[in-house]
Amino acid sequence: MKLAVLMSDYRNGIDMIDRLSAESLGIILVGNGVYHAAVKEGGKTSSLLDKKANFYALTEDFETRGITAANLDSRVKAVNYGDVVDIIFNDYEKVVWI
Amino acid sequence: MKLAVLMSDYRNGIDMIDRLSAESLGIILVGNGVYHAAVKEGGKTSSLLDKKANFYALTEDFETRGITAANLDSRVKAVNYGDVVDIIFNDYEKVVWI
Amino acid sequence: MATKKLAFIVRSLPYKTEASRLALTHAIASQTVEIYLNDGDLVEASVSYVGDGVLNCLKGQQGMKHYGITTIEGHAKNSLLLDMRVLICKEDLDKFGLTEDNILMDAEDIGGETKANVVSYGEIQKEMDAATHILVC
Amino acid sequence: MATKKLAFIVRSLPYKTEASRLALTHAIASQTVEIYLNDGDLVEASVSYVGDGVLNCLKGQQGMKHYGITTIEGHAKNSLLLDMRVLICKEDLDKFGLTEDNILMDAEDIGGETKANVVSYGEIQKEMDAATHILVC
Amino acid sequence: MGKLTIGTFSSLVGSLSLDFSVKLAEAAVKKGHKVDFWMSGNATMLAKKGQKAFKDYSFLAKPIQELIATGNFQICACEACAEARGYHKEDCPDGFIRKSMDWYLASTFDADRVLHIGGD
Amino acid sequence: MGKLTIGTFSSLVGSLSLDFSVKLAEAAVKKGHKVDFWMSGNATMLAKKGQKAFKDYSFLAKPIQELIATGNFQICACEACAEARGYHKEDCPDGFIRKSMDWYLASTFDADRVLHIGGD
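Chains as they are written, first to last, in the working numbering: chain H, 1 to 98; chain G, 1001 to 1098; chain C, 2001 to 2137; chain R, 3001 to 3137; chain P, 4001 to 4120; chain S, 5001 to 5120.
Below, the structure written as structure tokens:
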């Protein structure tokens, strides 16, 4: 399946995503999930970004938290709400919120 | 200080407790915190129980979740709401909720 | 005439929030959905427990005794009574050291004939693959 | 005549819940508490950021632009303007690779004279030891 | 154009999860999609008349009324969840409906995408 | 006998955190202590008249009325938090008061113990 995951959490839920298998996987970082895109702990980026997937982060949400597009990991693309609608409808068949 | 911690969570907050130092520490497991008293993961008991502290678990809350007093780790004492009041007022000076 | 399949995936612990309870009550509501649909159209729900979610299945929950509320176990029983497909992740039960003896597997005492299925995670992945929509709770 | 000390400890991430925002608004309310108390009696609040809580202090939050709500940064500024004692855990900043340049340290632009203090966890522990009550958020 | 069904359980007034749902609905309607919006659990807090706008809290009543006015947006609260919280028929904002949970399940039937925000 | 001040931010109707606070207050009052009970954030949901008892949800209106009747229990909701959620003066249950946050801070002044439930 082609699956889009809206990841809204920073401390929980990676275990769930780690197990997911999909022929095409998109991970859209929203809410506190945006910290995965920009925060390093002990110098390391979030292990979530090692998953084979297309990564997006919602501009409205990372900017709200004091993060700028320049802070994002190079694997993550900044998107807005309109883009999220298109990604969900055009690029994937199902969508889940974690 | 003498500190009572009401631990209400299973997946978060251990980091906070790990750092706390108190001459006398009581950890009262309530809400989803009661899983620390009874659940083993990969055969191991919760690392929270390795902390030097007095451990209590709220009977009303572990029974609600399908856990019996017989399931509790030997370091943990079953208490009820009335006991929690006495513990907070008589045995410790301050109380926090995590 | 069509059937749409919904896969409810319960991954959260019970009681701290309403998430797992509402997952079950919503899944059960699939049984009365026909009033809104054309003849022959159906919405079919299954419930899978994964990760911490398997702890929702512990037997002997006493929420009514202590807090005056129905238990998650009771809702899970109702879903079996209504012949819903229920999957419980074996790897996660193993991780917690739980066996079929510890968890709710049937609703025989209230007349249910369907049993819960303890399955490998791969089966739950297949359930998600086959579903029209996936609802994670 | 007595002063009671409250130590607010912010350990949660901003925005997903109201916890960190309410920590700050409650701490700030200590400034108007005299109307309820006898002359000379006081409640003095401090705010310490630990663990994930230090991410509340990031500069440049744009909640007003995107969601029409005041930012946590704005509340933190107000607490400095009111000369509240603000402690930020150095070890946790280090863990996240953050320096004083990345975080809100003063409220100079709105006329505040008090600065936030980046301190080792040991100082925050002392703050808790010295407090009459500890309020974790 | 498609149909998006959003179901939300427990997003909180004062957090940004409920704001997310409303903003996504706005973006979808703007692109010509239809949106059904279901509230259960604590999300039914949105289905209460007379919410006051403060700058510290999100104020979603206005964007929702604008969405309803487009004719491409339905919003429905779980009736039992609302009653349990003391929200009665007369508390329900204009243009909102209240139904039992099967309304949501039915809405998924012809939805192209279902976004179920099932936790807090 | 002592005084316990309980402050709660965001415990949810339908979760058991709010139940915990109320049960602890009951136990403390029973043992002769006085309890001040402060609700802010989503905990103000408790300060809404007309909540209906369903067996799937906790129903805390009754134990709270009994606590109020003892004379050793004060319960107060954050006024702004309530208004933001559309709860007005007329929605407030009998015996509850509504104040700004300094009420809570003041209550801690002579409290022997303060239990602050600051998260969800």
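Just so you know, even glycine gets a beta-carbon here, dropped at the ideal spot from N, CA and C.
Since the structure is predicted, the reported quantities are computational estimates derived from the model, not experimental observations.
Within 8 Å, strictly: CB atoms of residue i and residue j
i              : j              : result
residue 4067/P : residue 4013/P : no
residue 1076/G : residue 1087/G : no
residue 3047/R : residue 3024/R : yes
residue 3136/R : residue 5118/S : yes
residue 5002/S : residue 1089/G : yes
residue 29/H   : residue 92/H   : no
residue 4037/P : residue 4073/P : yes
residue 10/H   : residue 3104/R : no
residue 3097/R : residue 43/H   : yes
residue 5051/S : residue 5043/S : no
residue 2017/C : residue 4091/P : no
residue 4097/P : residue 4076/P : yes
Neighbourhood of residue i by C-beta, 8 Å cutoff - its chain only, sequence neighbours within 5 removed
i              : result
residue 3117/R : 3085, 3086, 3087, 3088, 3123
residue 2050/C : 2009, 2010, 2011, 2089, 2092, 2121, 2124
residue 81/H   : 58, 60
residue 3107/R : 3077, 3078, 3080, 3081, 3114
residue 5070/S : 5029
Listed by chain order, chain R residues near residue i by CB distance under 7 Å
i              : result
residue 1084/G : Under the 7 Å cutoff, chain R gives no residues; its nearest Cβ is about 17 Å from residue 1084/G.
residue 5036/S : Within 7 Å Cβ-Cβ: nothing; residue 5036/S doesn't reach chain R, min ~12 Å.
Spatial neighbours of residue i in its chain, beta-carbon cut-off 7 Å, leaving aside the 5 residues before and after
i              : result
residue 3090/R : 3118, 3119, 3120
residue 1001/G : 1022, 1023, 1093, 1094
residue 5087/S : 5044, 5047, 5048
Spatially closest choice to residue i from the options, by CA coordinates
i              : options                        : result
residue 1049/G : 1035/G, 1067/G, 1089/G         : 1035/G
residue 4055/P : 5088/S, 5007/S, 5081/S         : 5081/S
residue 3038/R : 5107/S, 5074/S, 5060/S, 5043/S : 5107/S
residue 51/H   : 95/H, 67/H, 37/H               : 37/H
residue 4058/P : 4008/P, 4102/P, 4017/P         : 4017/P
residue 2042/C : 2030/C, 2051/C, 2050/C, 2052/C : 2030/C
residue 1031/G : 1094/G, 1012/G, 1002/G         : 1012/G
residue 3077/R : 3067/R, 3066/R, 3068/R, 3061/R : 3061/R
residue 5039/S : 5051/S, 5031/S, 5105/S, 5070/S : 5105/S
residue 3075/R : 3007/R, 3016/R, 3003/R, 3028/R : 3028/R
residue 3045/R : 3112/R, 3068/R, 3003/R, 3069/R : 3003/R
residue 73/H   : 20/H, 84/H, 47/H, 85/H         : 47/H
residue 2020/C : 2094/C, 2072/C, 2110/C         : 2072/C
residue 3067/R : 4019/P, 4099/P, 4011/P         : 4019/P
Per-residue contacts from residue i into chain G (C-beta, under 7 Å)
i              : result
residue 3133/R : 1094
residue 3136/R : 1096, 1097, 1098
residue 3036/R : The premise fails here: residue 3036/R is roughly 22 Å from chain G at the closest Cβ pair, so nothing lies under 7 Å.
Cβ neighbours of residue i in the same chain (closer than 6 Å, five flanking residues each side left out)
i              : result
residue 4114/P : 4005, 4108
residue 3001/R : 3040
residue 62/H   : 34
residue 1027/G : 1005, 1007, 1053, 1055
residue 4093/P : 4049
residue 4032/P : 4001
residue 5045/S : 5013
residue 5095/S : 5068
Interface residues of chain H facing residue i [CB-CB closer than 8 Å]
i              : result
residue 3063/R : 64
Residue i versus residue j - alpha carbon distance
i              : j              : result
residue 2125/C : residue 2133/C : 13 Å
residue 2139/C : residue 15/H   : Since the first residue of chain C shown is 2001 and the last is 2137, residue 2139/C is not available in this structure.
residue 4023/P : residue 4035/P : 12 Å
residue 2005/C : residue 2131/C : 5 Å
residue 5048/S : residue 4085/P : 7 Å
residue 3065/R : residue 64/H   : 8 Å
residue 1024/G : residue 1097/G : 16 Å
residue 3036/R : residue 5101/S : 12 Å
residue 1045/G : residue 1068/G : 16 Å
residue 4021/P : residue 2015/C : 24 Å
residue 40/H   : residue 3095/R : 8 Å
residue 4089/P : residue 2099/C : 46 Å
residue 2102/C : residue 2056/C : 11 Å
Cross-chain neighbours of residue i in chain G, by beta carbon under 9 Å
i              : result
residue 2073/C : 1066
Neighbour list for residue i in chain R, Cβ cutoff strictly below 8 Å
i              : result
residue 1001/G : 3128, 3129
residue 4012/P : 3017, 3018
residue 1011/G : Residues of chain R passing the Cβ test: none, with the nearest at roughly 13 Å.
Proximal residues of chain C, C-beta to C-beta of residue i below 7 Å
i              : result
residue 5057/S : 2069
residue 15/H   : 2051
Neighbour list for residue i in chain G, Cβ cutoff strictly below 8 Å
i              : result
residue 5107/S : Result: empty, since nearest Cβ-Cβ is about 15 Å, beyond 8 Å.
Neighbouring residues, chain S, relative to residue i (Cβ below 8 Å)
i              : result
residue 2021/C : 5014, 5056
Within chain P, partners of residue i - CB distance below 8 Å
i              : result
residue 5045/S : 4042, 4045, 4085
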